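Per the numbering used here, numbering through the sequence shown is continuous, rising by one, with the last residue being 218.
Every residue, glycine too, gets a C-beta built ideally from N, C-alpha and C.
Fair warning: this is a prediction, and the values are worked out from it, not measured in the lab.
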Amino acid sequence: MMAIFTTNTMAQTSATVTGTTAGAKLIVPMTLTQTSPLHFGVINLLAGAGGTVILPSNSTTRTFTGGVALSAVAPLATNAAYNVTGTMNVTYALTLPTTITVTETTLGLATMTISSILARFNGAAADAVTSTLSATGTDSFTVGGTLTIAAAQVAGIYAGTFNVTVDYN
Numbered sequence: 050m051m052a053i054f055t056t057n058t059m060a061q062t063s064a065t066v067t068g069t070t071a072g073a074k075l076i077v078p079m080t081l082t083q084t085s086p087l088h089f090g091v092i093n094l095l096a097g098a099g100g101t102v103i104l105p106s107n108s109t110t111r112t113f114t115g116g117v118a119l120s121a122v123a124p125l126a127t128n129a130a131y132n133v134t135g136t137m138n139v140t141y142a143l144t145l146p147t148t149i150t151v152t153e154t155t156l157g158l159a160t161m162t163i164s165s166i167l168a169r170f171n172g173a174a175a176d177a178v179t180s181t182l183s184a185t186g187t188d189s190f191t192v193g194g195t196l197t198i199a200a201a202q203v204a205g206i207y208a209g210t211f212n213v214t215v216d217y218n
């Protein structure tokens, strides 16, 4: 007589990690406040010639090309300027339009285009579209661009609006 005995052995089928961490990061909503409008100042249009006026993102010192001359008459040129608040030490991105259209305000028939729209963050050496909020959760930046004026541009006051957006990265 032969007896067969079997033993069941159990393989380890589970494992446990103890001390798994959990957490969350809370951020506060960002705010964006405009403190100054984008304005190219008074520009003298020379007869029959168009041109451009360049307003750098970090200076109100305008340069021009073509048939325009700059004037020191008010209103003077200003960079659009903004203050940002949010969660301290967090990076964020800025979204600017690619172009802005301004329209002559009396008849509304003539337009000009602002292009090459750039931003400079406070203390930065170059234009950029990302920055980091300070240890107090604040930052600021200024905006400039290039205004293109046609040869037969209608004289007058031109105005328009554009959107600027900030959001956490």
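Determine whether the beta carbon atoms of G209 and I166 lie at a separation below 7 Å. In the sequence shown, counting from the first residue as 1, residue 209 sits at position 160. In the sequence shown, counting from the first residue as 1, residue 166 sits at position 117. No; because the gap between Cβ atoms is not below 7 Å, this pair is not in contact.
I206 versus A71: straight-line alpha-carbon distance, rounded: On the sequence shown, position 157 is the one that residue 206 refers to. On the sequence shown, position 22 is the one that residue 71 refers to. Near 58 Å, if we compare the C-alpha coordinates of A71 and I206.
Leaving out five residues on either side along the sequence, give the residues of the same chain with a beta carbon under 7 Å from the beta carbon of T185. Looking up residue 185 in the sequence shown gives position 136. If we look at T185 and ignore the five residues flanking it on each side, its Cβ neighbours are M137.
Relative to the C-alpha of I198, which candidate in K74, T127, E153, V122 has its C-alpha closest? Position 149 of the sequence shown holds residue 198. Checking every option, the nearest Cα to that of I198 belongs to E153.
Under 8 Å, with one C-beta from each stretch per pair, do the segment 90 to 100 and the segment 110 to 125 reach the 3-pair mark? Result yes; three or more Cβ-Cβ pairs closer than 8 Å.
From the DSSP secondary-structure annotation, give me the bridge partner or partners of G193. If you number the sequence shown from 1, residue 193 lands on position 144. In DSSP, G193 forms a bridge with L167.
Output the distance between the C-alpha atoms of D89 and A130, rounded to the nearest integer angstrom. Against the sequence shown, residue 89 aligns to sequence position 40. Against the sequence shown, residue 130 aligns to sequence position 81. Reading the sequence as shown, one finds Phe at residue 89 and not Asp. Between F89 and A130, the C-alpha separation is close to 14 Å.
Collapsed DSSP secondary structure at L158 in the structure displayed: Counted from its first residue, the sequence shown places residue 158 at position 109. Of the three classes helix, strand and coil, the one that applies to L158 here is coil, per DSSP.
Of all the options T187, A174, I103, T214, which has the alpha carbon lying nearest to the alpha carbon of T127? The sequence position of residue 127 within the sequence shown is 78, counting from 1. A check of alpha carbon separations from T127 across T187, A174, I103, T214 identifies I103 as the nearest.
Contact set for D216: own chain, Cβ-Cβ below 8 Å, skip 5 residues either direction: On the sequence shown, residue 216 is found 167 positions in, with the first residue counted as 1. Counting only Cβ-Cβ distances below 8 Å, and skipping sequence neighbours, we find M79, Y141, A142, T144.
I need the boundaries of the beta strand (DSSP E) containing A129, first residue and last residue. In the sequence shown, counting from the first residue as 1, residue 129 sits at position 80. Note, A129: beta strand (DSSP E), 129 to 134.
Using the three-state DSSP reduction, which class does V117 fall into: helix, strand or coil? Residue mapping note: residue 117 aligns to position 68 of the sequence shown, counting from 1. Strand, per DSSP.
Are the beta-carbon atoms belonging to N132 and T191 less than 7 Å from one another? Stepping through the sequence shown from its first residue, residue 132 is reached at position 83. Stepping through the sequence shown from its first residue, residue 191 is reached at position 142. Not closer than 7 Å, so no.
Once DSSP output is grouped into helix, strand and coil, what is the label at L87? Position 38 of the sequence shown, counted from the first residue, corresponds to residue 87. Coil at L87, not helix or strand.
Output the distance between the C-alpha atoms of V203 and L125, rounded to the nearest integer angstrom. The residue given as residue 203 occupies position 154 in the sequence shown. The residue given as residue 125 occupies position 76 in the sequence shown. Distance between the alpha carbons of V203 and L125 is about 20 Å.
Run the CB neighbour count on L95, radius 10 Å, all protein chains shown included, and call it buried at 16 or more, exposed below. Taking the first residue of the sequence shown as position 1, residue 95 is located at position 46. When all chains shown are included, L95 counts as exposed.
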